[in-house]
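Residue numbers (the working numbering): 79 to 377. Note that CB positions come from ideal geometry on N, CA and C, so glycine has one too. Only a predicted model underlies this, so the values are computations on that prediction, with no experimental measurement involved. Data block below; observations after.
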């Protein structure tokens with residue numbers, strides 16, 4: 079059964095940022111978008127990960143893309159069924175490691191994989207908080223918008239990474255969505271959205287109040303994934319660490335590393351589909367970062 083990032087409903091949730099377009103062979107989805115200042119379009123994989131039921135068909139899909147599109151860029155699901163050599167064949171212009179995702183094995187005893195401090199914090203948090211599955215995600219939208227707003231403000235998130243209320247409503251209708259909510263008394267202090275597909279629970283996005291951080295609600299939620307998903311999921315993808323440097327970024331890395339030492343690589347992939355148009359647009363952005371792909375979107 080197709081679910082999570084592979085489902086058309088998830089692609090539909092990102093329609094504010096491009097036209098959801100199905101790739102017929104791989105059955106994955108991309109977003110076709112306008113290029114600002116040019117009468118042209120390009121395509122990107124759905125954020126944050128491109129995933130598809132049939133990775134073997136991706137090469138054929140890319141070869142079949144219309145040259146009216148200038149380029150295609152996507153970030154691969156690190157748990158996808160593909161080989162690096164296959165990606166390099168399909169994306170001759172760019173394949174490079176993008177982020178290391180932290181992968182928890184939910185079938186392993188917690189004392190074997192979770193560091194002692196995290197175990198202690200999680201147990202202490204569970205003495206103050208309760209963690210539950212949200213039975214009706216759509217009715218949770220107002221509470222979720224409040225929780226997620228704290229994250230957006232804390233990290234100054236914008237654009238597609240911030241999502242919108244409308245986008246989240248669409249995501250809450252996606253098969254495979256699971257929301258874990260941490261409660262202190264009668265009110266929510268944190269929540270995390272997961273998308274379950276192919277035996278993996280992807281930790282999609284979170285929301286947390288200052289009180290939730292103070293009470294270590296995120297420790298309680300991730301600790302609870304072992305109980306919530308153990309019957310039908312082997313792996314939990316805690317995702318990667320945001321770009322940048324500094325204490326805040328290092329704290330996120332340390333938090334995720336405390337749950338598991340296992341990582342899998344997500345690759346940034348790109349292909350020029352219309353070389354003449356790409357070079358024309360690139361020439362207009364010659365002062366920008368030439369390592370960026372596509373270069374005309376740098377900055």
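Should residue 191 go down as buried or exposed, given a rule of 16 or more other Cβ atoms within 10 Å for buried? buried
Identify whether residue 330 lies in helix, strand or coil by the three-state DSSP scheme. helix
Determine which residues share a DSSP beta bridge with residue 275 and list them. 278
Where residue 361 and residue 372 are concerned, what is the direct C-alpha to C-alpha distance, given to the nearest angstrom? 12 angstroms
Quick one: measure Cβ to Cβ for residue 277 and residue 311, integer angstroms, because I've assumed they're closer than 8 angstroms. 6 angstroms
What does a CB cutoff of less than 7 angstroms around residue 135 pick up in its chain, not counting 5 residues either side in sequence? 103, 104
Simplified DSSP assignment, three categories, for residue 347: strand
Short Cβ contact (8 angstroms threshold) for residue 374 with residue 113: yes
How should residue 175 be labelled, buried or exposed, when 16 other C-beta atoms within 10 angstroms of its C-beta is the threshold for buried? exposed
Distance CB(residue 210)-CB(residue 341) smaller than 8 angstroms: no
Taking DSSP as the reference, what is the three-state secondary structure of residue 201? helix
When the Cα of residue 93 is compared with those of 304, 212, 122, which residue comes out closest? 122
For residue 128, list the residues DSSP reports as bridge partners. 154
From the DSSP output, in three-state form, read off residue 338 for me. coil
For the candidate residues 319, 295, 158, 331, whose alpha-carbon lies nearest to that of residue 128? 158
Which word fits residue 162, buried or exposed, when buried means at least 16 other C-beta atoms lie within 10 angstroms of its C-beta? exposed
Can you look up residue 270 in the DSSP assignment and give me helix, strand or coil? strand
Per DSSP, which one or two residues make a beta bridge with residue 149? 350
For residue 119, which option in 109, 147, 143 has the closest C-alpha, if you only look at C-alpha atoms? 147
Could you tell me whether the region 237-250 touches the region 201-208, using the rule of 3 or more Cβ pairs below 8 angstroms? no
Skipping 5 residues on each side, what residues in its chain have a beta carbon closer than 6 angstroms to that of residue 308? 184
Of the choices 338, 149, 231, whose alpha-carbon is the least far from that of residue 187? 338
Looking at residue 298 and residue 359, is the spacing between their C-beta atoms short of 8 angstroms? no
Length of the line joining the Cα atoms of residue 100 and residue 301: 36 angstroms
Please name the residue in 347, 150, 356, 295 whose C-alpha comes closest to that of residue 164. 347
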